[in-house]
Amino acid sequence: MPAKSARRIACRIRKLVRGVSRTGVLACRLLMGVFESGFVPGCAYLISRYYKRRDFSIRYAAFFSAAVLAGAFGGFLAYAIEHMNKAGHYVSWRWIFIIEGCITIVGVILALFCIPSYPEDSTFLKPNEKAYLLSMLAKDARKSRPNHYSSLVIKECLFDPKIWLGTLAYFGADNAASSIVSFQPTILKSLGYTSAEAQIHTIPVYIVALFLAPHLSGKLNHRYGFLLFGAIFGIIGSSIELAVPLNSIAARYFGMFAIAASAYI
């Protein structure tokens, strides 16, 4: 790349990073959504290439539980960063973006060396292990897995109603999970906590969600009952938040436990 073009790109990145307006923040958030949109589906697909359908769910639950741990750790980190206000002439909320952004960049670099390839091309499996894995997956598949993706395969996926129903269900679950992540500190502040206290009080909510949600479902190899229970539990939690007076701190705090747990069941 010519040096002049590289400098221009660097300047644009610098301006983007230094953006302080509402428009700049919204633009950055839009780009984050675009770049992150393929992450979870890609991880789910990669996990499915190594495990049978029965074994997939508990592995995917373990992967998804990382989001719960991130919520708990994020609350603790935000609580710690709250005390960095005015450090280096930056207010505390800017430090949240700086520190968490640096952690993300380091994580991405490490992931380049940690994420495995498909079983057919894996280098960490012995030949006999690779053969056994591929044979096991072939027996588990309802039909042969395509070696390449033609327009016919893509069309079949796009017009499969199960794909769209699954997408709609996931959208609802993810929307509930994202909402509790975004608005939980605000709800806690309305209960009388300070900003720092609100962040530290989000941690138990995520810990409960982590241990309640995935493990029994995978152990019993049962899904429908847990999904139904999660939906009912979420309705109860939302009803509590809407109906209970603001001064009923214990009840509203329990409502957040219910909403968070239901979102990850």
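So for the sequence shown, the working numbering puts the first residue at 1261; every next one is plus one.
The C-beta atom is built at its ideal place from N, Cα and C for all residues, glycine as well.
Return yes when at least one heavy atom of the ligand HEM lies under 7 Å from the C-beta of Thr1283, else no.
As for the ligand HEM, it is missing from this structure, which has no ligand bound.
Which word fits Leu1448, buried or exposed, when buried means at least 16 other C-beta atoms lie within 10 angstroms of its C-beta?
buried
For a quick check, are the C-beta atoms of Gly1494 and Ile1519 less than 8 Å apart?
yes
Within its chain, find whatever has a CB closer than 7 Å to the CB of Ile1423; leave out the 5 residues flanking it on each side and keep chain order.
Cys1417
Cβ of Phe1486 within 8 Å of Cβ of Ser1499?
no
Pick out whichever of Ala1340, Ile1363 and Leu1306 has its Cα sitting closest to the Cα of Ser1352.
Ala1340
What residue ranges within the region 1294 to 1339 form continuous alpha helix (DSSP H) runs of no fewer than 4 residues, ordered along the chain?
1299 to 1308
What does the alpha-carbon distance come out to for the pair Leu1291 and Thr1364?
15 Å
Glu1342 burial status per 10 Å Cβ neighbour count (16 or more: buried)
buried
Cutoff 6 Å; reference Ile1509; Cβ partners in own chain excluding five residues on either side
Leu1451
Which of helix, strand or coil does DSSP assign to Leu1370?
helix
The alpha helix (DSSP H) with Arg1512 in it runs from where to where?
Ile1509 to Ala1523
Can you have a look at Phe1517 and say buried or exposed, based on whether 16 or more other CB atoms are within 10 angstroms of its CB?
buried
For Cys1303, which residues of its own chain have a beta-carbon under 7 Å away from its beta-carbon, when the five flanking residues on both sides are left out?
Phe1323
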